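Single-structure report; data block below.
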Amino acid sequence: MSTTSKWLGSVDGDARKRTLLGIGSFLLPLLVWCLVSYVPFVWHPKVHVIDPGGVDYFQVDMLVDKTMFADEVANMEREHLAVPTGKSANPIYLPAPDQVARAFYNGFVNPPQSKDVPSMPASLWHSIQIIFWGFLISSIVGVPLGILSGTYTLMGRLSEPFIEFFRYLPAPAFGALAVAILGIYDGPKIAIIVIGTLFQQVLIIANTTRKLEVTLIEAARTLGTRNIKLLSKVVVPGILPDLYRDQRILLGWAWTYLIVAELIGTSSGITWFITQQARYQHFDNVYAAIMTIGIIGFGTDLILARLGRRLFPWDRTQDRR
Amino acid sequence: MNVKHISSTLKTLFTRLVIPAVAAMSISAHAAQPLKIGYSDWPGWVAWQVAIDKGWFKEAGVAVDFEWFDYSASMDAFSAGKIDAVTMTNGDALVTGAAGGKSVMIMLTDYSNGNDMIVAKPGIKSLKDLKGKKVAVEEGLVEHLLLLNGLKKAGMKESDVTLVNAKTNEMPQVLATGDVSAIGAWQPIAGQAMKSLPGSRPVYTSADEPGLIYDVLAVNPASAKQRKAEWLKVVKVWDRVVHYINDPKTQPDAVKIMAARVGVTPQVYLPLLKGTKLLSLADGKKIYVKGPGFTSLYGSSKVADDFNVANGVYKAHQDIDSYLDSSFTNAK
Numbered sequence: 000m001s002t003t004s005k006w007l008g009s010v011d012g013d014a015r016k017r018t019l020l021g022i023g024s025f026l027l028p029l030l031v032w033c034l035v036s037y038v039p040f041v042w043h044p045k046v047h048v049i050d051p052g053g054v055d056y057f058q059v060d061m062l063v064d065k066t067m068f069a070d071e072v073a074n075m076e077r078e079h080l081a082v083p084t085g086k087s088a089n090p091i092y093l094p095a096p097d098q099v100a101r102a103f104y105n106g107f108v109n110p111p112q113s114k115d116v117p118s119m120p121a122s123l124w125h126s127i128q129i130i131f132w133g134f135l136i137s138s139i140v141g142v143p144l145g146i147l148s149g150t151y152t153l154m155g156r157l158s159e160p161f162i163e164f165f166r167y168l169p170a171p172a173f174g175a176l177a178v179a180i181l182g183i184y185d186g187p188k189i190a191i192i193v194i195g196t197l198f199q200q201v202l203i204i205a206n207t208t209r210k211l212e213v214t215l216i217e218a219a220r221t222l223g224t225r226n227i228k229l230l231s232k233v234v235v236p237g238i239l240p241d242l243y244r245d246q247r248i249l250l251g252w253a254w255t256y257l258i259v260a261e262l263i264g265t266s267s268g269i270t271w272f273i274t275q276q277a278r279y280q281h282f283d284n285v286y287a288a289i290m291t292i293g294i295i296g297f298g299t300d301l302i303l304a305r306l307g308r309r310l311f312p313w314d315r316t317q318d319r320r
Numbered sequence: 000m001n002v003k004h005i006s007s008t009l010k011t012l013f014t015r016l017v018i019p020a021v022a023a024m025s026i027s028a029h030a031a032q033p034l035k036i037g038y039s040d041w042p043g044w045v046a047w048q049v050a051i052d053k054g055w056f057k058e059a060g061v062a063v064d065f066e067w068f069d070y071s072a073s074m075d076a077f078s079a080g081k082i083d084a085v086t087m088t089n090g091d092a093l094v095t096g097a098a099g100g101k102s103v104m105i106m107l108t109d110y111s112n113g114n115d116m117i118v119a120k121p122g123i124k125s126l127k128d129l130k131g132k133k134v135a136v137e138e139g140l141v142e143h144l145l146l147l148n149g150l151k152k153a154g155m156k157e158s159d160v161t162l163v164n165a166k167t168n169e170m171p172q173v174l175a176t177g178d179v180s181a182i183g184a185w186q187p188i189a190g191q192a193m194k195s196l197p198g199s200r201p202v203y204t205s206a207d208e209p210g211l212i213y214d215v216l217a218v219n220p221a222s223a224k225q226r227k228a229e230w231l232k233v234v235k236v237w238d239r240v241v242h243y244i245n246d247p248k249t250q251p252d253a254v255k256i257m258a259a260r261v262g263v264t265p266q267v268y269l270p271l272l273k274g275t276k277l278l279s280l281a282d283g284k285k286i287y288v289k290g291p292g293f294t295s296l297y298g299s300s301k302v303a304d305d306f307n308v309a310n311g312v313y314k315a316h317q318d319i320d321s322y323l324d325s326s327f328t329n330a331k
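Same order as they appear, the protein sequences are chains A and B.
So that you can map any letter, position 245 of the first sequence is 244 in numbering that gives the first Met the number 0, and since no number is skipped, the others follow by simple counting.
So that you can map any letter, position 121 of the second sequence is 120 in numbering that gives the first Met the number 0, and since no number is skipped, the others follow by simple counting.
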């Protein structure tokens, strides 16, 4: 064994080290974010005006370019007028970690002012429901179709060319059609998630099914196993751990379609929250919402991974994330 | 999709498939459904929120369901026939209609009074200074129309400037890069553009040509005809909304409701409201008369129609009279 694999192997084995590295993988980006946000000389291309001084177009709380600010300071000094003061700042598009943390806290603690506006938890719950139904419907069709296509060559050859073609069609482009057929509420949104997930799902699962050892199927056939029995007793049990892992990855895939799906029809869910806040440049709220999606997605995946280890103790690949 | 939706879908399926014989029943059930109106984030339309929160529709004896949309999604939903009415500009009513989503503008909500603007970078003081320079607008949208109108007034032609097509949402960044000399955008985007490039200022706004862009409540023609009595009540409620917002005594409360709907503080919202001239029924009556020019909804729609055809938004001129029906606004 080479030194590299020994190294990787030893790290893999040590559970404590692994946890530490896992935490580290989150701390590093956070550290970079903190550096960029709190250490003035790292980036800070703007100046946050505290006192406009004699500059007629400056206002309190305005963000101006550093060079422009320096020019105006020089101008004011030359004209013997009050010199503007300010502190270095990042563009409005990059709020600091503490601002985002505060927005995060506010979103969950303070209900919105208007009763017609759903709170952040309610928006989130709505989004989770969309994902749940979208993924469920996609799986009801996609999993059996994928397994059949992978098991029977005829089935695969009949379905896969079209599916290969269709998966390149952009799901959001079907938005207006989905609204025309399914109405303005959750129907079209779920449809977009399904369109975005289903076609990949069939192909991925068909591929997984094909990876099942041919000898297993041949042996079963020799012994007289046919049709339903072949599927239920040999194919499905054989691919189940891999199928489970595919589904985990596909669930993540479904989440990436959420934002475009929720732009269709009535404004709802976490997308409503994000777009509305972005329109008024409340980027702290925007990032808080984006991160909530990350936390939920990542959290579900962790739970599913743990569950996978329980369900398939014989499958060692479930151990790896 | 929650349980309520599923059960209501099942219910409609049931009534449609199982008991089609009892046609009379299903018609009466249909009439009992609330009027479905799509609205979006523009001060003149967020104003409806005041009536919703205060329960004025109930008081007026009309059942309405206001659904919040992104602007373009609201027009899609209207075209698809999923909602009875939508709030949009008179020009967009023509665009939506040309694509098959015909409507009747039963009333005016407001006109843009400064909220739409051409913002130029520092050093440029008027439209004339833009000669030979690049201007970014989203082609075919209202800011494009605004720019052409301004150029014409300044004695210039469209070819005197170089148009750069860009998304309205991205205008603040476009202006900040310095690649263009001016941008066209509406509030709050225009305000952000000025904030991100200090010293930049509006050189032409919709306040310079009131009536260039009217905002209306556009109703599905079938619904407008069959349920006219109910729509008349909606129009009456609007009058109450305008008076509540314009009355200095009640304005703070109104602004609070509107700001809460879009998720900002009342202080941030007030300037946006100021750039919008809300039209009471009496104001609307003066504008809802036939005539040329921007003081008439007919004249303004004619300009929009010409602009849309000239820019290839749609091919054939629209029959403007078929979109307009002053009887709702003029009803006693």
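Here a beta-carbon is modelled for each residue, glycine too, at the ideal position from N, C-alpha and C.
Remember, predicted model here, so these are calculated numbers, not experimental data.
From A/R220 to A/I238, what does the alpha carbon distance come to, in whole angstroms? In the first sequence, the residue the question calls residue 220 of chain A occupies position 221. In the first sequence, the residue the question calls residue 238 of chain A occupies position 239. If you take the alpha carbons of A/R220 and A/I238, they lie about 17 Å apart.
From B/S222 to B/D318, what does the alpha carbon distance come to, in whole angstroms? Counted from its first residue, the second sequence places residue 222 of chain B at position 223. Counted from its first residue, the second sequence places residue 318 of chain B at position 319. Those two C-alpha atoms are separated by around 20 Å.
If you run the structure through DSSP and keep just helix, strand and coil, what is B/S125? Walking along the second sequence from the start, residue 125 of chain B turns up at place 126. In the three-state reduction of the DSSP assignment, B/S125 falls in the coil class, being assigned neither a helical nor a strand state.
Own chain residues within Cβ distance below 8 Å of B/A153, not counting five before or after: Locating residue 153 of chain B in the second sequence gives position 154, where the first residue counts as 1. Hits under 8 Å: S125, L126, K127.
Is the Cβ of B/Y313 closer than 8 Å to any Cβ of chain A? Position 314 of the second sequence, counted from the first residue, corresponds to residue 313 of chain B. Answer no: the Cβ-Cβ gap between B/Y313 and chain A never drops below 8 Å.
If you drop the 5 nearest sequence neighbours on each side, which residues of the same chain put their C-beta closer than 8 Å to that of B/E138? Within the second sequence, residue 138 of chain B is the residue found at index 139, counting from 1. Within the same chain, B/E138 has close Cβ partners L162, N164, N310.
Listing by chain order, which chain B residues have their CB less than 7 Å from the CB of A/M61? Within the first sequence, numbered from 1, the residue matching residue 61 of chain A stands at position 62. Those within 7 Å of A/M61 in chain B are K194, P197.
Report yes or no: do the region 60–73 of chain B and the region 37–46 of chain B share at least 3 C-beta pairs separated by less than 8 Å? yes
One question on the structure: do B/L34 and B/R226 come within less than 8 Å of each other, judged by their Cβ atoms? Sequence index remark: in the second sequence, residue 34 of chain B carries index 35 (1-based). Sequence index remark: in the second sequence, residue 226 of chain B carries index 227 (1-based). Cβ distance < 8 Å, so B/L34 and B/R226 count as in contact.
Below 8 Å between beta carbons: does that hold for B/A50 and B/V254? Translated into the one-based positions of the second sequence, residue 50 of chain B becomes position 51. Translated into the one-based positions of the second sequence, residue 254 of chain B becomes position 255. Taking C-beta atoms as the reference points, B/A50 and B/V254 fail to come closer than 8 Å.
Cβ closer than 8 Å: which chain B residues qualify as neighbours of A/P349? Coverage of chain A is limited to positions 0 through 320, which leaves residue 349 of chain A absent and any answer about it impossible.
Chain-ordered chain A contacts of B/Q186 [CB-CB under 9 Å]: The residue you call residue 186 of chain B lines up with position 187 of the second sequence. Those within 9 Å of B/Q186 in chain A number zero; the least Cβ separation is about 10 Å.
In the DSSP assignment, the alpha helix (DSSP H) including A/R308 goes from what residue to what residue? Numbered from 1 along the first sequence, position 309 holds the residue referred to as residue 308 of chain A. Segment 282–310, the alpha helix (DSSP H) holding A/R308.
B/D91 versus A/D241 - alpha carbon distance: Locating residue 91 of chain B in the second sequence gives position 92, counting from the first residue. Locating residue 241 of chain A in the first sequence gives position 242, counting from the first residue. Whole-angstrom Cα-Cα distance: 51 Å.
Helix, strand or coil for B/M155? Go by DSSP, reduced to three states. As a position in the second sequence, residue 155 of chain B is number 156, starting the count at 1. Looking at B/M155 - three-state DSSP - the assignment turns out to be coil, as it is neither helix nor strand.
B/V134 and B/V179 look like a contact to me (Cβ under 8 Å); what is the Cβ gap, rounded to whole Å? One-based indexing of the second sequence puts residue 134 of chain B at position 135. One-based indexing of the second sequence puts residue 179 of chain B at position 180. Contact flag correct, Cβ pair sits at about 6 Å.
Can you give me the C-alpha to C-alpha distance between A/V38 and A/L30, rounded to a whole angstrom? The sequence position of residue 38 of chain A within the first sequence is 39, counting from 1. The sequence position of residue 30 of chain A within the first sequence is 31, counting from 1. Annotation: A/V38 to A/L30 spans about 11 Å, alpha carbon to alpha carbon.
Span of the beta strand (DSSP E), counted from its first residue to its last, around B/I105: As a working note, residue 105 of chain B is residue 106 in the second sequence. Per DSSP, B/I105 belongs to the beta strand (DSSP E) from 103–111.
For B/Y322 and B/S102, which I take to be in contact (beta-carbon distance under 8 Å), what is that distance rounded to the nearest angstrom? Along the second sequence, read from residue 1 onward, the residue named residue 322 of chain B stands at position 323. Along the second sequence, read from residue 1 onward, the residue named residue 102 of chain B stands at position 103. About 7 Å; that satisfies the 8 Å criterion.
For chain B, check one thing: does any of its Cβ atoms lie closer than 8 Å to the Cβ of A/V99? Residue 99 of chain A sits at position 100 when you count from the first residue of the first sequence. False, the Cβ-Cβ gap to chain B never drops below 8 Å.
If we count the other Cβ atoms within 10 Å of its Cβ and call it buried at 16 or more, is A/K188 buried or exposed? To locate residue 188 of chain A, count along the first sequence from 1; it is residue 189. A/K188 is buried by the Cβ-count criterion.
Check each residue of the region 259–289 of chain A: if its Cβ is closer than 9 Å to any Cβ of chain B, include it; give the result in chain order. L262, I263, G264, T265, S266, S267, W271, F272, T274, Q275, Q276, A277, R278, Y279, Q280, H281, N284
Nearest-angstrom Cβ-Cβ length linking A/G323 and A/I192, presumed shorter than 8 Å: Nothing can be reported for residue 323 of chain A: it is not among the residues displayed for chain A, which extend from 0 to 320.
By DSSP's criteria, A/D64 is part of a beta bridge. Which residues make up the other side? Translated into the one-based positions of the first sequence, residue 64 of chain A becomes position 65. DSSP, once it has assigned bridges, lists A/K45 as partnering A/D64.
For A/Y184, which of helix, strand or coil comes out of DSSP? Translated into the one-based positions of the first sequence, residue 184 of chain A becomes position 185. Three-state DSSP puts A/Y184 in coil, outside helix and strand.
Among residues of its own chain, excluding the 5 on either side of A/A277, which ones have a beta-carbon nearer than 6 Å to its beta-carbon? Taking the first sequence and counting its residues from 1, the one referred to as residue 277 of chain A is at position 278. Counting only Cβ-Cβ distances below 6 Å, and skipping sequence neighbours, we find V285.
Report yes or no: do three or more beta-carbon pairs, one from the region 141–148 of chain A and one from the region 295–312 of chain A, lie closer than 8 Å? Output reads no: the region 295–312 of chain A does not touch the region 141–148 of chain A.
Check whether the Cβ of B/K120 lies closer than 8 Å to any Cβ atom in chain A. Working through the second sequence from its first residue, we reach residue 120 of chain B at position 121. For B/K120, the answer is no, since every Cβ of chain A falls outside 8 Å of its Cβ.
Tell whether a beta-carbon distance below 8 Å holds between A/N48 and A/F57. To locate residue 48 of chain A, count along the first sequence from 1; it is residue 49. To locate residue 57 of chain A, count along the first sequence from 1; it is residue 58. The sequence shown places Val at residue 48 of chain A, rather than the Asn named in the question. In this structure, A/F57 lies closer than 8 Å to A/V48 by Cβ.
Every unbroken beta strand (DSSP E) within the region 125–208 of chain B, with a cutoff of 3 residues, ordered by chain: 133–136, 161–164, 181–185, 200–204
Residue-chain proximity (B/V45, chain A), Cβ-Cβ < 8 Å: Reading the second sequence from its first residue, position 46 is the one you call residue 45 of chain B. Not an interface residue.
Other residues of its chain near B/V63: CB distance less than 7 Å, five sequence neighbours each side excluded: Here the question's residue 63 of chain B lines up with position 64 in the second sequence. Taken in chain order, the residues that qualify are P33, L34, I36, F56, V233.
In the DSSP assignment, find the unbroken alpha helix (DSSP H) run with A/D241 in it and report its ends. Looking up residue 241 of chain A in the first sequence gives position 242. Residues 235–255.
Chain B partners of A/D314, CB-CB under 8 Å? Residue mapping note: residue 314 of chain A aligns to position 315 of the first sequence, counting from 1. Going along chain B, no residue has its Cβ under 8 Å from A/D314, so there is no contact; the nearest lies around 34 Å.
Against chain B, with Cβ distances strictly below 8 Å, would A/Y256 count as a contact? For the purposes of this step, residue 256 of chain A is identified with residue 257 of the first sequence, where counting begins at 1. No, because no Cβ of chain B sits closer than 8 Å to the Cβ of A/Y256.
Which ranges would you report for the alpha helix (DSSP H) in the region 269–320 of chain B if only whole runs of at least 4 residues count? 280–286, 296–309
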